[in-house]
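Asker: Sharing a structure below in structure tokens format, with a few things to ask.
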């Protein structure tokens, strides 16, 4: 077990360590042979029926329809269940686990860390063995999970979202000063906790990107346009100049990784493409020419369906009138954006952008149901496994898990596996209820749930 460095681990984890979490890991004493399973490999539409899969240590070492045997190991009869890669959440906010006002005003770092530990475990117990975090100071939580302090998914942590003054990441109160003009202690709690960071000008953007890379960011997220949750920026406002966006891309590329952007509307998406951005988060109000460019450039598209398409007036995450007005604009454009994405066959990621209380989080897998209108079950299964894994691999030199592929069932891949009681290729909603339908959860060769025995 890797030792924790108390100088670099956030104080929040002192509390998180003491939290008793329900995921009890079962270390294997030898190889594990799964028999009688139908394998979705994360890529191909056709299942490998009546297959056998061998896991040795933390890797998949064999996938075959021929009989296999393991010496001194364990056999798990899948009973015809579907064996597939552990699910990957493509747009998580593991540190944003309560109401934003409560998080920024009434929680210290100890409570934030403890709540993040619970959210991490909840993700894992939902069958999500990896999350791609899209904004929040999640570095300490990631290190603690990797050191087996508590149970949770692999985390690809981008750290703070970088935004301009009065942009989508500027969550200061009217009584706050500016983190640069008045000092970081007066620049608002989001900036002080480093869930978001304000940077203005190409030089400041470069410095902030480099700081996040130093902290361990696997990718960089730039807030390139207006947002629904933020109060001081119009949704229609494109944010950051070309020079600022290009500076972020240059610095990330220099370190062998990539930039993704928050961009809801067409103008901010177009600006991001001009700067060489590799992934678009949201992008729910788009024009056809822009989608065509995304296809030509090989840009990944990371949209969400549940947040914009649920009843706007009753959405507990967006109760302020200005938020509901912004969300209505996004909701109106969503179906057209999805139709264009399908027309041009963009590479689609699966992610939810869920944040907030446990009451909200328990519904995050409804994303499967809301996408069901637009994508077939097998397309969603590809999105939530193999497609998402392709973006994780863009982290390149900053990939925190570089030794094997994720999101696939193949020899040599990481042993991140779930067993589904049923066939999600015909009923994607099986993946919405892990407690009832996901009978085994394995991450890195370790079993965290097993009702198959």
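Numbering (mature numbering (1 follows the signal peptide of the UniProt record, and there is no 0)), first residue to last: -25 to -1, 1 to 428. Heads up, the beta-carbon is just placed ideally off N, CA and C, and yes, glycines get one too. Being a predicted model, the structure only gives us computed values, none of them experimental.
1. The beta strand (DSSP E) that contains residue 414, what's its start and end?
2. How many angstroms separate the CA atom of residue 420 from the CA atom of residue 134?
3. Which residue wins for smallest C-alpha separation from residue 202, given the options 167, 300 and 337?
4. Within 10 Å of its beta-carbon, does residue 160 have 16 or more other beta-carbons around it, so buried, or fewer, so exposed?
5. Is residue 60 closer than 9 angstroms to residue 99 when the C-beta atoms are compared?
6. Check whether the Cβ atoms of residue 137 and residue 184 sit closer than 9 angstroms, and answer yes or no.
7. Could you give the distance in angstroms between the alpha-carbon of residue 316 and the alpha-carbon of residue 248?
8. Where does residue 166 fall in DSSP's three states?
9. For residue 495 versus residue 56, is the C-beta distance shorter than 9 angstroms?
10. Residue 194: which of 141, 108 and 209 sits nearest, CA to CA?
11. Apart from the five residues on each side of it in sequence, which residues of its chain come closer than 8 angstroms, Cβ to Cβ, to residue 139?
12. What do you get for residue 253, buried or exposed, if any count of 16 or more other CB atoms within 10 angstroms of its CB means buried?
13. Count the other CB atoms within 10 Å of the CB of residue 318; is the residue buried (16 or more) or exposed (fewer)?
14. Near residue 266, what residues of its chain come up, given a Cβ to Cβ distance below 6 angstroms and the 5 sequence neighbours on each side ignored?
15. So what's residue 427 in DSSP terms, helix, strand or just coil?
16. Taking the C-alpha atoms as reference points, what is the distance between residue 212 and residue 296?
17. Please look up how many angstroms separate the CB atoms of residue 16 and residue 385, rounded, as I've assumed it's under 8 angstroms.
18. So what does DSSP say about residue 59, is it helix, strand or coil?
19. Smallest Cα separation from residue 324: which of 64, 389, 306 and 4?
20. Mind checking which residues open and close the beta strand (DSSP E) that includes residue 430?
21. Contact defined as beta carbons within less than 8 angstroms: I believe residue 68 pairs with residue 110. What is the distance between those atoms, to the nearest angstrom?
22. Does the beta-carbon distance from residue 279 to residue 235 come in below 9 angstroms?
23. Hey, would you say residue 275 sits closer than 9 angstroms to residue 366, going by beta carbons?
24. Would you tell me roughly how many angstroms separate the C-alpha atoms of residue 170 and residue 255, rounded to the nearest one?
25. Comparing C-alpha positions only, which one of 187, 250, 277 and 244 sits nearest to residue 264?
26. Determine the burial state of residue 208: buried for a count of at least 16 other Cβ atoms within 10 Å of its Cβ, exposed for fewer.
27. Report yes if the C-beta distance between residue 223 and residue 259 is below 9 angstroms; otherwise report no.
28. Just the C-alpha distance for residue 406 and residue 392, rounded to the nearest angstrom, thanks.
29. For residue 32 and residue 8, I'd like the C-alpha separation in whole angstroms.
30. Mind checking who residue 302 pairs with in its DSSP beta bridge?
31. Of the choices 346, 293, 408 and 371, whose alpha-carbon is the least far from that of residue 338?
32. Grouping DSSP H, G and I as helix and E and B as strand, with all else coil, what is residue 394?
33. What are the partner residues of residue 39, as DSSP defines its beta bridges?
34. Cα separation between residue 58 and residue 51?
Answerer: Once the coordinates are examined:
1. Unbroken beta strand (DSSP E) run through residue 414: 413 to 418.
2. Approximately 27 angstroms between the Cα atoms of the pair.
3. Nearest C-alpha to residue 202: 300.
4. By the 10 Å Cβ count, residue 160 comes out exposed.
5. Not a contact, by the Cβ cut-off of 9 angstroms.
6. Contact check for residue 137 against residue 184 passes: the beta carbons are separated by less than 9 angstroms.
7. When rounded, the distance between both Cα atoms is 16 angstroms.
8. Looking at residue 166 - three-state DSSP - the assignment turns out to be helix.
9. What is shown of the chain runs -25 to 428, which leaves residue 495 out entirely.
10. Among 141, 108 and 209, the Cα nearest to that of residue 194 is on 108.
11. Within its own chain, the residues whose Cβ lies closer than 8 angstroms to the Cβ of residue 139, once the five positions on either side in sequence are excluded, are 145, 173, 174, 175, 198, 214, 215 and 219, listed in chain order.
12. By the Cβ neighbour-count rule, residue 253 is buried, with 16 or more other Cβ atoms within 10 Å of its own.
13. With fewer than 16 neighbouring CB atoms inside 10 Å of its own CB, residue 318 falls in the exposed class.
14. Take residue 266, set aside five residues on each side of it, and the residues of its chain with a beta-carbon closer than 6 angstroms to its own are 315 and 319, in chain order.
15. If DSSP states are grouped into helix, strand and coil, residue 427 belongs with coil.
16. Going by the C-alpha atoms only, they are around 18 angstroms apart.
17. Between residue 16 and residue 385 the beta-carbon gap is near 6 angstroms, inside 8 angstroms, which marks them as a contact.
18. Here residue 59 carries a strand assignment [DSSP, helix/strand/coil].
19. Per the Cα distances, 64.
20. Lying outside -25 to 428, the shown extent of the chain, residue 430 is not represented and no answer is given.
21. A Cβ-Cβ distance of about 6 angstroms is found for the pair residue 68 and residue 110, placing them in contact under the 8 angstroms criterion.
22. No, they are not a contact pair.
23. Taking 9 angstroms as the Cβ cut-off, residue 275 and residue 366 qualify as a contacting pair.
24. Between residue 170 and residue 255, the alpha-carbon positions lie close to 20 angstroms from each other.
25. Shortest Cα-Cα distance from residue 264 to any of 187, 250, 277 and 244 involves 244.
26. Here residue 208 is buried. Its C-beta has 16 or more other C-beta atoms within 10 Å.
27. With contacts defined as CB atoms closer than 9 angstroms, residue 223 and residue 259 fail to qualify as a contacting pair.
28. When only Cα atoms are considered, residue 406 and residue 392 end up about 13 angstroms apart.
29. Whole-angstrom Cα-Cα distance: 12 angstroms.
30. DSSP lists no partner for residue 302.
31. Nearest option by C-alpha distance: 408.
32. Note: residue 394 maps to strand in three-state DSSP.
33. Paired residue(s): 27.
34. When rounded, the distance between both Cα atoms is 12 angstroms.
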